[in-house]
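Going letter by letter, the sequence shown gives residues 1359 to 1564 in my numbering. All C-beta atoms in this analysis are idealised placements derived from N, C-alpha and C, irrespective of residue type, glycine included. Below is one structure, written out as structure tokens; the observations come after it.
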Amino acid sequence: MSIDKAYNNWAEQYDSNLNKTRDLDQKATIETLEKYNFENVLELGCGTEKNTQWLLNKASKIIGLDFSDEMLNKAKEKISSENVIFQKADLTKNWDVENGFADLITSSLTLEHIEDLNHIFRQANLKMKNEGIFFISELHPFKQYSGSKAKYETEDGIHELEVYTHHISEYMEKANQNGFSLIELNEWFDEDNKELSRLISFVFKK
Ligand SMILES: C[S@@+](CC[C@H](N)C(=O)[O-])C[C@H]1O[C@@H](n2cnc3c(N)ncnc32)[C@H](O)[C@@H]1O
């Protein structure tokens, strides 16, 4: 099944099912970004707005891009603010956002579905102001090596989504090639497992 269709199916239960990755990402997002100031935010793969509401406390304008109608519908049900635009977009194409718009770009749990990281960093550079920051939070590649991948369950069974493994060196290389430098790297663990990190997060600066 295509990734957008899978998320259309997952959308109804995305916010409510047991999902340690989703919950840890929210913690990682808040703990990382609370110390930064930002006004214009571009959220890649905004989903059901899990992080948008918190970002809105600090931002004056947010554009959330996602290609799943049903994930976007959930987001729109929950946030109606003139400061937030939820826009249907495929991140593997060119992003229909004004160049130099963002001083913060965020991407949570989305890049594992995208094969070509170079395209993402190239577009991010175009859409970002100088000195802007790019926050990425993803399932840790070590966790992927151990077999973890995005999945949801229905009465028909467990549905695993199509994913790509991006090694840490690949994030670094593609970021550097597109004008970004690393300013933070963190690993995030479950409370009951301090041996295998669930998430990795990066903050890059343009
Ligand atoms: C695991 S969800 C994460 C949603 C949200 N960022 C969060 O942390 O809860 C991944 C999201 O990425 C979106 N996505 C995946 N590939 C995409 C693509 N090529 N273009 C746009 N959105 C994409 C999916 O539709 C989904 O909403």
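Bridge-paired residues (DSSP) for residue i
{"i": "residue 1445", "result": "1423"}
{"i": "residue 1464", "result": "1401, 1493"}
{"i": "residue 1511", "result": "1516"}
{"i": "residue 1486", "result": "1460"}
{"i": "residue 1476", "result": "Residue 1476 is not bridged to any residue."}
{"i": "residue 1551", "result": "1548"}
Check: residue i C-beta below 8 Å from any heavy atom of ligand 1
{"i": "residue 1408", "result": "yes"}
{"i": "residue 1565", "result": "Here the chain comprises residues numbered 1359 to 1564, so residue 1565 is not present and cannot be evaluated."}
{"i": "residue 1556", "result": "no"}
{"i": "residue 1454", "result": "no"}
{"i": "residue 1463", "result": "no"}
{"i": "residue 1425", "result": "yes"}
{"i": "residue 1524", "result": "no"}
{"i": "residue 1429", "result": "yes"}
{"i": "residue 1472", "result": "yes"}
{"i": "residue 1400", "result": "no"}
{"i": "residue 1505", "result": "no"}
{"i": "residue 1512", "result": "no"}
{"i": "residue 1421", "result": "no"}
{"i": "residue 1450", "result": "yes"}
{"i": "residue 1374", "result": "no"}
{"i": "residue 1508", "result": "yes"}
{"i": "residue 1466", "result": "yes"}
{"i": "residue 1365", "result": "yes"}
{"i": "residue 1516", "result": "no"}
Supposed close pair residue i, residue j - CB separation, criterion 8 Å
{"i": "residue 1408", "j": "residue 1369", "result": "The Cβ separation is near 12 Å, so there is no contact."}
{"i": "residue 1398", "j": "residue 1461", "result": "6 Å"}
{"i": "residue 1442", "j": "residue 1410", "result": "6 Å"}
{"i": "residue 1557", "j": "residue 1495", "result": "6 Å"}
Segment limits, beta strand (DSSP E) that includes residue i
{"i": "residue 1563", "result": "1557-1563"}
{"i": "residue 1517", "result": "1515-1518"}
{"i": "residue 1541", "result": "1539-1546"}
Extent of the continuous alpha helix (DSSP H) run through residue i
{"i": "residue 1438", "result": "Counting along the chain, residue 1438 falls outside any alpha helix (DSSP H), and DSSP gives it neither H nor E."}
{"i": "residue 1368", "result": "1361-1372"}
{"i": "residue 1526", "result": "1526-1535"}
{"i": "residue 1388", "result": "1378-1391"}
{"i": "residue 1409", "result": "No alpha helix (DSSP H) contains residue 1409, which DSSP labels as neither H nor E."}
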